[in-house]
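S.K.: The sequence shown begins at 520 in the working numbering and counts up one residue at a time.
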Amino acid sequence: MTPAPHARDVVVVGAGQAGLSTAWALARQGFERSIGFVVLDGEDGPGGAWRHRWPSLTLGTTHRVHELPGLPFRPGDEAAPAVESVPAYFAEYERRFELPVVRPVRVTAVDRTDDGRFSVVTDRGTWTARAVVNATGTWTRPFVPRYPGQELFRGRQLHTVDYRSAEEFRGQHVVVVGGGASATQLLAEISRVTGTTWVTRRPPVWREGPFDEHVGRAVVAEVEKAVREGRRPGSVVGLTGLLVSTPYVREGLERGVLERLPVFDRITPEGVVWEDGRSLRADVILWATGFRAAVGHLAPLRLREPGGGFRVESTQVVGEPRIHLVGYGPSASTIGANRAGQAAARALRRELHPGMPLPRTA
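(1) Count the other C-beta atoms from every protein chain shown that fall within 10 angstroms of the C-beta of A812, then say buried if there are 16 or more, exposed otherwise.
(2) Examine the Cβ distances between the segment 605-622 and the segment 552-561 and report whether three or more of them are shorter than 8 angstroms.
(3) Could you tell me whether the segment 671-679 touches the segment 780-791, using the rule of 3 or more Cβ pairs below 8 angstroms?
(4) Per DSSP, which residues does I842 bridge with? Please list them.
(5) For L705 versus L578, is the C-beta distance shorter than 8 angstroms?
(6) Please check the pair P807 and G697, which I expect to be a contact at CB under 8 angstroms, by giving their CB distance rounded to whole angstroms.
(7) Assess contact between the segment 855-863 and the segment 831-847, defined as three or more Cβ pairs (one per stretch) separated by less than 8 angstroms. Is contact present?
(8) According to DSSP, G827 sits in a beta bridge with which residue or residues?
(9) Helix, strand or coil: which one does DSSP assign to R726?
(10) Per the DSSP calculation, P600 is bridged to which residue(s)?
(11) Check whether the Cβ atoms of P876 and D630 sit closer than 8 angstroms, and answer yes or no.
(12) I'd like to know whether the C-beta of I554 is nearer than 8 angstroms to at least one C-beta of chain D.
(13) Between L867 and V626, which are expected to be in contact by the criterion C-beta below 8 angstroms, what is the C-beta distance as a whole number of angstroms?
(14) Give me, in chain order, the residues of the same chain whose beta-carbon lies closer than 8 angstroms to that of L772; leave out the 5 immediate sequence neighbours on both sides.
(15) Quick test of the definition: if touching needs 3 or more C-beta pairs under 8 angstroms, does the segment 527-547 touch the segment 602-615?
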């Protein structure tokens, strides 16, 4: 690559589910691969965040891995590690559809140029584009809340992004913080080899019945409302609640390891304490406290609202129709990312090439 800018119609940032579905849809809408659009990915290989999941996370214990458009995902074994199966599927997807993914390329800033384009600054040179689709997800921005005394704790603190195996905690007492699916799955694993305590800020929401379309629409509508108002969106997965029918949840409830306490008020060198005088010795604090959108590179555009988020209609940032966010807010799920990628591609075709004939395959 040369230091000179690489000009494209569209630069897609990120090659996870949202980025790949967008790339597929851009090609279907008539954008030429490599010349018309490019996908910049910060990872060393295909798979997005799935490359970093803990080895014990199997296809059978994940929230559903929805297939990418145009290529069925038919794993032969539900017990296969997701960290292997999903990246292999993504790699085949990139190859099958000849998607122009360039990696590893880490985007550091997106800004406007004097001629009405966008500059996409990376650690491997600068691209310019008429439009940018941000598909960076959340995995690179783990969130850990602050509590008094946190820096004094003598034990180990880690986030779910750092988790690899329950065995490393054998003989230690582990406090798991967080009320989502990751917290309950890791509790189920870790509690088989050592003592655990589960704390959550709010009581967990147990869902007895199936997660049907009616529930799904209600959850997505709640997140859509947040992004329309420019607030930080909650997680679609987090808002669905915890399915009692999930095997590891059912098994954890039966063993009594999913009895939660309210979150502690401060951390001491030896553990955690509550305002009512209760205290607990702990060797490890595992923060299963979620993620934030990885959008820091968009800061030069000054698109954030006072509520801390972006105002988004469909996938377009309000006031800047050539910046699209996919895998953000209501599309931050595998099936939502697919739909968002296709919506962004259709909108960009209308915006950038309004007179271009629609390909017969679109």
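Cβ coordinates follow ideal geometry from the N, Cα and C atoms, glycine included.
M.R.: Short version:
(1) buried
(2) yes
(3) yes
(4) V651
(5) no
(6) In the sequence as presented, Pro is not what sits at residue 807; that position holds Ala. Right, the Cβ-Cβ distance comes to about 3 angstroms (below 8 angstroms), so this counts as a contact.
(7) yes
(8) R750
(9) strand
(10) T577
(11) no
(12) Reference to chain D is not applicable here, since this structure consists of a single protein chain.
(13) Incorrect: roughly 18 angstroms between the Cβ atoms, too far for contact.
(14) V763
(15) yes
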